[in-house]
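**Q**
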Amino acid sequence: MTLVVALALALLSGCGGGLRRFPLAEPMWLDRDRRPFTPQPPEWYSPYVWDGADNSVFRPLADVWRFELDREAVNVNAMDEVPDSSWYTNRLSRGPLSPIQIAYGPCADVDPAIPGVDDDVPGPLTIVRGKPDGSNPGFFVRDANGQMYLMKPDGDLQAERPSASDAIAASVYWSAGFFAPCNRVVFVRREDLVLDPGAEVRRTDGRRGPLAQQTVDEILDKAVELPDGRLRFSLSQFIDGEPIAPWTYEGTWPHDPNDVIPHEHRREVRGMYVLSSWLSHIDSRQENTMSAWIEVEGDRGYVRHYMIDFSDTLGILFTWDALARRFGHSGYFDVQHLTEDFLTLGLLDRPWHHAQYGAAGNILGYYDLERYEPDQWRPGYGNPAYERMTEHDAAWMTRIVARIGDEHLRALIDRGRWSSLTVRDEVFRIVRGRRDRVLERWLTRLSPLTQPVPEQDGARVCVEDLALTSGLRDPDTRVYLARGFAGDDYEPRAVALETRAEGRVCVEMPRVAGASHDHPGYVIAEIVARSEGRETTGPLRLHAYDLGDEVRIVGLERLHGVEEPRR
């Protein structure tokens with residue numbers, strides 16, 4: 001009986017866009033999940049092997065028996081946006097940023113106003129700890145100002161890509177609203193690195209001991225060396241706060257009283273799939289996240305949630321080439337694809353059968369444009385938040401991506417400090433092309449109209465058409481339709497529509513006779529965008545109250561199709 005009722009409610013919600021009515025209240029733009037508490041949560045260790053096995057095999061099997069219905073994200077405000085929180089900060093989502101602001105966003109110590117700004121840090125760099133083995137050997141270093149960093153060489157498999165991608169992707173994620181470290185590509189001479197006499201080495205098997213110069217030299221030998229003798233490294237600045245442990249893509253953390261929304265139902269965590277797909281962040285897993293304790297007063301503080309380590313983006317390779325060819329199209333251990341290939345004797349045509357290097361050679365691996373389908377992309381192994389992403393979640397993140405134009409991309413890609421113009425241009429071509437495919441997929445079904453701005457005390461409301469301002473659609477073939485509804489019975493009203501330059505369209509809000517602050521009237525305006533010969537998007541529905549001397553916008557919806565509002 002419970003399942004029948006749940007199914008009935010789901011069907012009702014699927015056609016219930018016309019049933020929603022917003023209260024006369026300001027939309028929530030700040031989540032109160034940064035309230036100080038004590039004690040500080042304990043550290044915990046996340047085994048890589050277990051996380052991979054759980055999300056590849058055990059969790060998918062358990063999900064079969066959950067009977068969990070699809071549902072929209074929980075932390076969405078009345079304007080179809082995500083409030084600021086310990087997870088997310090509205091940046092590009094609220095307005096444009098300059099190319100330099102986007103490129104250097106996480107680097108708070110870099111002044112974007114300084115011409116010729118670069119990524120160098122004050123030396124000498126003192127090595128205080130080493131990690132010489134594992135897949136990513138490196139050092140922990142301290143610069144002349146006392147700032148701490150994680151320093152890693154590129155290795156010899158894909159020179160330049162790991163350090164470049166780490167810097168580029170961190171800035172993209174930061175610009176989109178996430179907390180991310182300041183990652184840079186730096187060039188240092190051997191004499192610029194000073195070994196602290198008390199430095200120790202920590203190996204992956206848990207052993208510790210003094211860090212010897214020989215071990216330092218072995219790691220330095222893995223760095224790309226320039227003709228002038230300088231060595232190329234990735235330098236990741238330590239995040240604010242005290243690192244505790246990775247955060248998970250599912251559930252909540254009982255040690256954090258502010259963590260009350262299951263992570264798989266947070267829109268920003270779900271919508272992160274769009275960025276991962278675009279840049280091919282195949283290792284978007286809990287080991288590349290970090291919870292940090294932010295002390296506020298005395299021993300009281302709160303937990304902030306970071307994304308870290310993006311060195312797998314832009315086409316990581318693997319020593320096993322057959323696996324590397326599958327990256328982005330299939331998981332490390334993809335039960336579905338393995339089963340299909342077994343049952344069909346491997347006769348299915350797969351994207352990885354056509355993987356090949358492009359103009360950049362092996363530096364970008366098999367990261368390409370030609371085989372890319374945004375909504376078919378897959379991480380290395382299952383991600384419970386990504387698997388629950390809805391069209392609304394993806395469209396929300398895509399509206400943010402739409403604000404990253406070609407000049408922003410050029411500034412971002414320059415952060416990679418590529419030695420080859422051919423490689424730099426190839427990165428730009430692929431990243432731009434994949435961005436355009438992201439926009440084509442998720443900006444053409446739900447309405448791309450956004451950022452309502454009231455005029456004349458709210459009697460007119462103007463919105464931005466991101467399909468135009470992003471360059472995705474031609475303004476000469478763009479047309480709009482509008483209609484209004486007023487009063488408790490949602491009486492249909494004709495409303496005036498005006499198109500303006502720079503991709504803006506304005507609609508006159510309907511009015512209710514005799515409305516006042518004591519007796520407000522409910523009004524709705526809908527706008528549908530259409531490109532001739534192409535798509536007609538779902539309506540943008542603006543909800544407002546007529547207060548007599550003003551009309552106050554209180555919410556908006558993006559509908560899948562045309563629906564008549566009704567009580």
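Residue numbers are given in the UniProt record's numbering: position 125 of the sequence shown equals residue 125, and the series is strictly consecutive.
Using N, Cα and C, we set each Cβ at its ideal position, and we do this for glycine too.
Could you round the C-beta distance between leucine 92 and arginine 403 to whole angstroms and report it? I think they count as a contact, below 8 angstroms.
**A** The pair is a contact, with the Cβ atoms about 5 angstroms apart (cut-off 8 angstroms).
**Q** Using the Cα positions of valine 82 and serine 470, report the straight-line distance between them to the nearest angstrom.
**A** Roughly 21 angstroms separates the two Cα atoms.
**Q** Just verifying my parser: in three-state terms, what is the DSSP assignment at proline 83?
**A** Of the three classes helix, strand and coil, the one that applies to proline 83 here is coil, per DSSP.
**Q** Does DSSP put arginine 161 in a helix, in a strand, or in coil?
**A** Residue state, collapsed to three classes: helix.
**Q** Pop quiz: arginine 388 and glutamate 264 are said to be a contact at Cβ under 8 angstroms. What is the actual Cβ separation, rounded to whole angstroms?
**A** So it is a contact: roughly 5 angstroms between Cβ atoms.
**Q** Drop a sphere of 10 angstroms on the beta-carbon of proline 210, count the other beta-carbons inside from all chains shown, and report buried for 16 or more, exposed for fewer.
**A** It counts as exposed.
**Q** Taking the straight line between their C-alpha atoms, what separation do you get for leucine 323 and arginine 207?
**A** C-alpha separation (whole angstroms): 31 angstroms.
**Q** Name the two residues that bound the continuous beta strand (DSSP E) containing residue 568.
**A** Outside the shown range of the chain (1 to 567) lies residue 568, about which nothing can therefore be said.
**Q** So what's valine 307 in DSSP terms, helix, strand or just coil?
**A** As written in the sequence, residue 307 is methionine, which differs from the valine given in the question. In the structure shown, methionine 307 sits in a strand (DSSP, three-state: E or B).
**Q** Could you pull the start and end residues of the alpha helix (DSSP H) that isoleucine 430 belongs to?
**A** Here the alpha helix (DSSP H) through isoleucine 430 covers 421-442.
**Q** Which partner residues of methionine 151 appear in the DSSP bridge assignment?
**A** Note: methionine 151 sits in a beta bridge opposite Phe139, Leu235.
**Q** Are the stretch 244-262 and the stretch 183-193 touching by the rule of at least three beta carbon pairs closer than 8 angstroms?
**A** The stretch 244-262 vs the stretch 183-193: no contact.
**Q** When the Cα of glycine 538 is compared with those of Thr450, Asp321, Ser420, Asp489, which residue comes out closest?
**A** Considering only alpha carbons, the answer is Thr450.
**Q** Arginine 59 by DSSP, collapsed to three states: which one?
**A** Of the three classes helix, strand and coil, the one that applies to arginine 59 here is helix, per DSSP.
**Q** Between the C-alpha atoms of residue 569 and glycine 229, what's the straight-line distance to the nearest angstrom?
**A** The first residue shown for the chain is 1 and the last is 567, placing residue 569 beyond what the model contains.
**Q** Checking the sheet assignment: what are the DSSP bridge partners for tyrosine 302?
**A** DSSP, once it has assigned bridges, lists Ile294 as partnering tyrosine 302.
**Q** Name the residue from Trp253, Gly130, Phe428 whose alpha carbon lies nearest to the alpha carbon of leucine 195.
**A** Taking only the C-alpha atoms, the option nearest leucine 195 is Gly130.
**Q** Considering Cα atoms alone, identify which of Arg541, Val551, Asp546, Cys506 is closest to glycine 561.
**A** Answer by Cα proximity: Arg541.
**Q** Round the Cβ separation of residue 646 and glycine 487 to the nearest angstrom and send it over; I've been treating them as touching at under 8 angstroms.
**A** The chain is shown only over 1 to 567; residue 646 falls outside these bounds and no answer can be derived.
**Q** Rounded to whole angstroms, what is the Cα-Cα separation between phenylalanine 310 and alanine 169?
**A** Spanning the two alpha carbons is a distance of roughly 6 angstroms.
**Q** Which value, in whole angstroms, describes the spacing of the CA atoms of aspartate 474 and glutamate 532?
**A** Using only the alpha carbons, I get a separation of about 10 angstroms.
**Q** Hey, could you find the ends of the beta strand (DSSP E) alanine 25 is sitting in?
**A** Segment: none, alanine 25 is in no beta strand (DSSP E) and carries neither H nor E.
**Q** Can the beta-carbon of arginine 437 be found less than 9 angstroms from the beta-carbon of glutamate 535?
**A** Against a cut-off of 9 angstroms, the Cβ pair of glutamate 535 and arginine 437 comes out as no contact.
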